[in-house]
Every structure is written in structure tokens, then in C-alpha cells.
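Have a look at the structure below before the remarks.
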Amino acid sequence: MISDLWYKNTVVYCLSVETFMDANGDGVGDFEGLSRRLDYLAGLGVGAIWLMPFQPSPGKDDGYDITDYYNVDPRYGTLGDFVDFTHGCKQRGIRVLIDLVVNHTSNQHPWFQSARSDPNSPYRDWYVWSNTKPADADQGMVFPGVQDSTWTRDEKAGGYYFHRFYEFQPDLNTANPMVQEEILKIMGFWIQLGVSGFRMDAVPFVIAEKIPGVKEAKEHFDMLRTFREFLQWRKGDSMILGEANILPEENLNYFGDDGDRIQMMFNFQVNQTLFYALASGDTRPMIEALERTKPKPGTAQWGQFLRNHDELDLGRLDKNQRQAVFAAFGPDKNMQLYDRGIRRRLAPMLGGDQRRLELAYSLMFSLPGTPVIRYGDEIGMGDDLKLPDRNSCRTPMQWSDEPQGGFTKSDKPVLPVISEGPFGYEHINVAEQRRSPESLLNWMERLIRMRKEAPEIGWGDFTALDTKDPGVLALRYDWRNNAVLIIHNLHPEPVEIDLDVGCGEQGRLLIDIADSQSSEADENSRHRLLLEAHAYRWFRVGGLDYILRRTEI
Ligand code: NOJ
1 MISDLWYKNT
11 VVYCLSVETF
21 MDANGDGVGD
31 FEGLSRRLDY
41 LAGLGVGAIW
51 LMPFQPSPGK
61 DDGYDITDYY
71 NVDPRYGTLG
81 DFVDFTHGCK
91 QRGIRVLIDL
101 VVNHTSNQHP
111 WFQSARSDPN
121 SPYRDWYVWS
131 NTKPADADQG
141 MVFPGVQDST
151 WTRDEKAGGY
161 YFHRFYEFQP
171 DLNTANPMVQ
181 EEILKIMGFW
191 IQLGVSGFRM
201 DAVPFVIAEK
211 IPGVKEAKEH
221 FDMLRTFREF
231 LQWRKGDSMI
241 LGEANILPEE
251 NLNYFGDDGD
261 RIQMMFNFQV
271 NQTLFYALAS
281 GDTRPMIEAL
291 ERTKPKPGTA
301 QWGQFLRNHD
311 ELDLGRLDKN
321 QRQAVFAAFG
331 PDKNMQLYDR
341 GIRRRLAPML
351 GGDQRRLELA
361 YSLMFSLPGT
371 PVIRYGDEIG
381 MGDDLKLPDR
391 NSCRTPMQWS
401 DEPQGGFTKS
411 DKPVLPVISE
421 GPFGYEHINV
431 AEQRRSPESL
441 LNWMERLIRM
451 RKEAPEIGWG
461 DFTALDTKDP
471 GVLALRYDWR
481 NNAVLIIHNL
491 HPEPVEIDLD
501 VGCGEQGRLL
511 IDIADSQSSE
521 ADENSRHRLL
531 LEAHAYRWFR
541 VGGLDYILRR
551 TEI
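Residue 1 is where the sequence shown starts when you use UniProt numbering, and the numbers rise one by one after that.
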């Protein structure tokens, strides 16, 4: 089947409707507000918007506890407003991805209410029950410290139900064919309303066998193939971006050996080692993670990211590495969460230092895959550690220096807007940064353009060149006779490197993509480079304008 692999070379922007822009002045962001900001996002150059859950929900887990899969929470607008939004995106050439939260529902969902009320309910088997408390009920919690069990008794049901996350999020029995049918129906519904795919929540748990007392739960990978096939039959260019924090050995089970399962996954392995590299100046574990996550089918893609709406999970680093990241970026207990992560945004972690922020984003954008950024990243928004749990990094978007950062006319925003201090809306806001050519916002726009003009990164194969310095990373990408070379100096001081840039057919000329300055490697393809502290350089190898040679996909 010929399909459109748009996700291989784009930039994804994640946002929560609730905290992005409030148009009706009730303090809660809405689709109308978001639609009014589409020209801003188009100007930034993002190719896809990933919307966090916006369906009706009691909102006890920021919308990841849904009560109706086929609607919009009235606080954010109507289905009509949603379609207006997807239409506005289409007009501007922006794709829409939405969260697909089908590992669990809210306990307020009518399916669960029916299931618990009556053993003969048609929805009884949509959830996972046990008459007695399974012996391993105190294991496998995703939120340790907040959650103390994965099985909770429901008096009305007269039994225990399974929940991988909070107790108000009962797991769906995803092995039940009726539940699988419903998941397809949900996907089909939103595809019809204009979305191009889904960020699938908690994939390993969706496909895991959920049977009381089973030690090694089997995974039903065939489910992923069913989801993909369905989507592509309905709409050839739709795709799934999976949230699956798994070991590299598992990757092919999720992508499928022949690329017949999910198209994209977030690269958690690289994410954690990237933070370790920023903390320690040692890129070796990250290079190892890049190598270990290299094998994947041609149509598959990594989502690379720095921070998201959850804690920065450091669970896959070794103890010393984890301590190094905590010491550098989250030394206080209040900055840490679940004994494994940091609940801060990137800008405060890097002391608001624009040079280091540029290094971090440039590095992330240069990794094999598609960059995923989060609203507010482009202006260096901060966090509010007074807010509980992960809410610290979910505060409203800062548009201007008007009251409430221009997010709402109400004086009661859904979450407090960060005000005062170095990250307050008075200083950090879109309006201010638009005016300044050197602002992070304008720099981010240039970075996005540069990344989209280097399809080698999304499509090609990378080689980590030997820089003889663990603090300097040089990645070269080759694709269809085009090549780019991207170098990052993680040291806080200038360094000089001498490296074999591997000139082949492309010739010896290196053109700096940012400023068009050229330099040349010697006849042995070696190049000496002086790199400023925290410098990043993007080169096109060979010099010829790639646009002349690029083959359209
Ligand atoms: C992962 C989401 O990113 C997180 O925010 C949520 O709490 C859990 N899945 C449960 O849906």
C-alpha cells in the first residue's frame, strides 16, 4: 500500500487545550482559543499538533481518565469547535494527533458504572476482576508513593478490579474482542473528524495480558497490527505514536519486523541518556542508546523529545548516572517525583541560560527521528513547584505581559499562571519574544526550519563520528546521496577537534546551514574545527544546494 510517511520529517508540538488559550474568559482554555492561535503555530513552522486528552473527564489525572470517548469536554467547547479546529489545521498544512487513552477509563465512565453494578452487565467483561485480592496486588504500580495497590475492592461489584494507574482508572480488559472493536470505533470516529493519528497512551499495558496472579504477563503484539491495519485501511496517511518506555530489545516487537505494527514510539532510552549527557558532559551512554535503538523498519520512526507533561523518568539510567542528573537538574526533594524522576521544565533546569537551552534543543532536533516539543518550550517557560505532582510543569501558556499572561481574561485561571521571578509572564512571554530577533522563540523558528530542511535526519542512517572527546558529539546522516553533519560541544569551554568527516561522493565542502559559511575538509577528509563553549554547528556536506538534488517523497 502506498501511504504518506509525513511523520518522518516534521516537528510535533504538544499542547493541552485546557492551558493553551481561553477565548470565552471562563479561565479554562478552549478550542476556540486554540483555533485563534493556529497562525502562531503555523508561523513557528510546526508540522503536527499533538492534543492531550480533551474528552469529557472528571479531570483527576489531567484528562487521562475519560468518561466519554466520543465527545469534547464541554469546558473546552463542542465537537463543532473541534472540527473547526481540525479544518483550520488542514488549511495551514498542520496535522493533528490526539491522545488515545484506552488502557483504562475513568471509574465514572458509564461502562464501569454498569460493570460494577451488575454481574450480568454487558460491560462486566470490559474490565478485569478478581473475587479475592491477588497476592501481587502491591506490585506494578506506575505511581509509587501515590498509589499503593494495583487491585482495589469495589463493594458494589463485590470484587477487586485491576488498575495499572490510579484507582479511579480501572483497566479495560483489552483482550476482550468487544473492547478491541470499540477501540477501533474510537479511532475511526476521530479519523473521520480530521485527525491524522494517535499518541497511544501506555502501550505496553494496553497489550499486556491482564490476568490476576500472572507473573510474566504475555503481550499481545498482534493487537498493534490490528490497530495499524484498521487505520491505514480507513485513511492511508494515519499513524500511531506509541508511549512505550521499553528496553531496546523490545523495539521490533512494537514496530513489527516488517514495519507492520505501530509507526512511531518515543525514544525514552535516548531521552534519559541525553539528560545524562547534559548533566555530565559525557555523550557515550547516549551514543550507546542511539546505536541500540538504531535497528528499526524503514517506515518506522522515533519521536525524540526533551521534556513532556510527566516527570522526567530516569529509571533506565544506572544509579550513578541518575544521581548525576538529580544533582545537576533536580537536587531538592521537591523537584523529584516517584523516586525516579524530575518534575521540572527544561528552562529552569538549565538556569534559564539561552545558550544552554539552544544547545539542548539543537541536540535533540539533530537526533535520528522526529522532534516533539511542548507548548511553552519555544519561549523557555518555567515551572511552579508549589503545585502538586506533575502539575508543576503544566501551567498556562504565557502569551503577553497582560494579566494572567494573556491566557485568560478571568482572574481565576484553571491553573496559576507563573508570575514574578525570572520565569514569570512579565518577562517570559510570546509578545515580548516576537519583537526580539535573538529571542528563544525566533531562534526556535529558525531551528524548526533548519530541521525540516534536513530530511536526512528523519529518513537517513546516522554515523557517530569519532571526535576523541566524549563531550563533543558529531552525527553524520546520509540519505539519497545527501549528507548532513551536526556537531555539538557540551563543554562549558571552547574546544578544538580534528575529525574525519567521511567525505565521499559529496565532496569536501562543508556549508554551515545557519550562516552559509563554507569550509573544506583536507584531502584525507579530516577537518579541524574550533567550537565555542556549548556550540552547535549544522553542516551540509558537499556544498551543493540540496534542494537542487533532493528527491521528493
Ligand atoms: C501516561 C500519561 O502521559 C500520563 O500523564 C498519565 O497519567 C498516564 N499515562 C495514565 O494515563
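From the three backbone atoms N, C-alpha and C, an ideal C-beta is built for every residue, glycine too.
- Gln-180 places its beta carbon 8 Å or farther from that of Met-239.
- The alpha carbon of Pro-204 has as its nearest neighbour, out of Leu-530, Ala-244, Val-472 and Asp-4, the alpha carbon of Ala-244.
- For Pro-371, the three-state secondary structure derived from DSSP is strand.
- Judged by their CB atoms, Pro-371 and Arg-451 are nearer to each other than the 8 Å cut-off.
- Residue state for Leu-224 is assigned as helix, using DSSP reduced to three classes.
- Around Pro-56, the same chain offers Ile-66, Thr-67, Asp-68, Asn-71, Val-72, Asp-73 and Pro-74 as residues with beta carbons nearer than 8 Å, after the five sequence neighbours per side are excluded.
- Looking at the backbone, the Cα of Arg-36 and that of Arg-480 are separated by about 40 Å.
- Inclusion of Gln-269 and Pro-295 in the CB contact set at 8 Å is not warranted, their separation being larger than that value.
- At a Cβ-Cβ threshold of 8 Å, Val-495 and Ala-521 do not count as neighbours.
- Apart from sequence neighbours up to five positions away, the residues of its chain that approach Gln-321 with a beta-carbon distance below 6 Å are Tyr-276, ordered along the chain.
- Setting aside the 5 residues that flank it on each side, Gly-77 is surrounded in the same chain by Asp-30, Phe-31 and Glu-32, each with a C-beta closer than 7 Å to its C-beta; the list follows chain order.
- In the three-state reduction of the DSSP assignment, Val-270 falls in the helix class, which pools H, G and I.
- Separation of Ile-373 and Gly-158 (C-alpha to C-alpha, rounded to the nearest whole angstrom) is 45 Å.
- In terms of side-chain proximity, the C-beta atom of Val-101 is found nearer than 7 Å to a non-hydrogen atom of the ligand NOJ.
- Separation of Arg-390 and Gly-45 (C-alpha to C-alpha, rounded to the nearest whole angstrom) is 28 Å.
- The beta-carbon separation of Thr-132 and Thr-395, rounded to 44 Å, does not stay under the 8 Å limit for a contact.
- Bounds of the beta strand (DSSP E) holding Arg-526 are 526-531.
- Secondary structure note for Met-187: its alpha helix (DSSP H) is the uninterrupted segment 177-192.
- Taking C-beta atoms as the reference points, Thr-105 and Leu-172 count as a pair closer than 8 Å.
- Uninterrupted alpha helix (DSSP H) stretches at least 4 residues long and entirely within the region 39-100 occur at 79-91, given in chain order.
- Annotated as proximal: Phe-221 and Arg-261, with beta-carbon spacing under 8 Å.
- With respect to the C-alpha of Val-414, the residue from Trp-302, Val-28, Ala-23 and Tyr-7 having the closest C-alpha is Val-28.
- The ligand NOJ has no heavy atom closer than 7 Å to the beta-carbon of Ala-244.
- Residue pairing from DSSP places Gly-303 in a beta bridge opposite Phe-266 and Thr-370.
- The beta carbon of Ala-202 sits closer than 7 Å to at least one heavy atom of the ligand NOJ.
- Burial state of Ala-360 is buried, judged by a 10 Å Cβ sphere holding 16 or more other Cβ atoms.
- When DSSP states are grouped into helix, strand and coil, Ala-157 belongs to the coil group.
- Distance from Val-12 to Ala-42 at the Cβ level is roughly 14 Å; contact not present, criterion being Cβ atoms closer than 8 Å.
- Beta bridge pairing from DSSP links Phe-162 with Trp-151.
- The C-beta separation of Gly-376 from Gln-398 comes to about 7 Å, placing the pair in contact by the 8 Å criterion.
- Within the chosen limit of 7 Å, the ligand NOJ reaches the beta carbon of His-309 through at least one heavy atom.
- Approximately 15 Å separates the beta-carbon atoms of Gly-330 and Gly-352; this is outside 8 Å, ruling out the contact.
- For the pair Arg-540 and Arg-528, the Cα-to-Cα distance works out to about 16 Å.
- Judged by DSSP in its simplified three-state form, Ser-392 adopts helix.
- Taking a cut-off of 8 Å on C-beta distances, the region 82-93 does not touch the region 134-154, as fewer than three cross pairs fall below it.
- For Met-239, no alpha helix (DSSP H) encloses it; the enclosing beta strand (DSSP E) starts and ends at 239-242.
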